[in-house]
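For the sequence shown, this note's numbering gives the first residue as 1, with consecutive numbering after it.
The next block holds one structure in the form of structure tokens; read it before the comments.
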Amino acid sequence: MNKIVLLGKLIRDPELRALEGSDKVFTRFIIAVDRNFKAQDGTRKADLIPVTVWGRKAEVVCQYMRKGSYISLSGRLRTGSYEDKDGNKKYIAEVVAEDFKFVGNRRTDKELEQAENLDDFAN
């Protein structure tokens with residue numbers, strides 16, 4: 001079983017992209033997820049986790065989420081590798097989000113609720 005559940009904050013605005021030569025759309029963004037302990041100096045560190053969302057759900061994320069927005073999501077971990085320009089093998093890991101909820105933006109709760117309703121028929 002490959003299942004991940006995260007709650008975090010977007011570190012920049014998401015951008016909608018399309019696959020080359022296709023009408024499939026997606027967005028990639030990074031969320032900061034607080035660790036469940038504080039460092040010795042009392043600060044709370046965060047893990048930066050790359051996330052990909054596909055299709056209509058990606059459109060909804062890009063329409064309603066901004067840098068600093070909180071999102072709760074579930075999905076699966078995907079890993080891969082590639083060679084950089086110097087021929088070194090690099091390994092990557094990202095979460096492919098399958099479901100999400102917007103969390104805590106009081107100013108636009110009505111808009112976010114409408115977006116979540118759209119999510120019911122997405123993909």
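Where a beta carbon is used, it is the ideal one built from N, C-alpha and C, also for glycine.
Environment of residue i [buried if 16+ CB atoms lie within 10 Å]
i: L73; result: buried
i: G55; result: exposed
Rounded distance between the beta-carbons of residue j and residue i, thought under 8 angstroms
i: R12; j: K67; result: 5 angstroms
i: V25; j: T52; result: Actually they are not in contact, since the Cβ atoms of V25 and T52 sit about 11 angstroms apart, beyond 8 angstroms.
i: M65; j: L7; result: Wrong, their Cβ atoms sit about 14 angstroms apart, outside the cutoff.
i: F37; j: P14; result: That pair is no contact at about 29 angstroms.
i: F102; j: S69; result: 7 angstroms
Any non-hydrogen atom of the ligand SAM closer than 6 angstroms to residue i Cβ
i: Y70; result: What this structure holds is no ligand at all, so the ligand SAM is not there to describe.
Rounded separation between residue i and residue j - CA only
i: A93; j: R78; result: 6 angstroms
i: K57; j: Q63; result: 10 angstroms
i: I49; j: I4; result: 11 angstroms
i: I32; j: R44; result: Per the sequence shown, residue 32 should be read as Ala rather than Ile. Approximately 11 angstroms between the Cα atoms of the pair.
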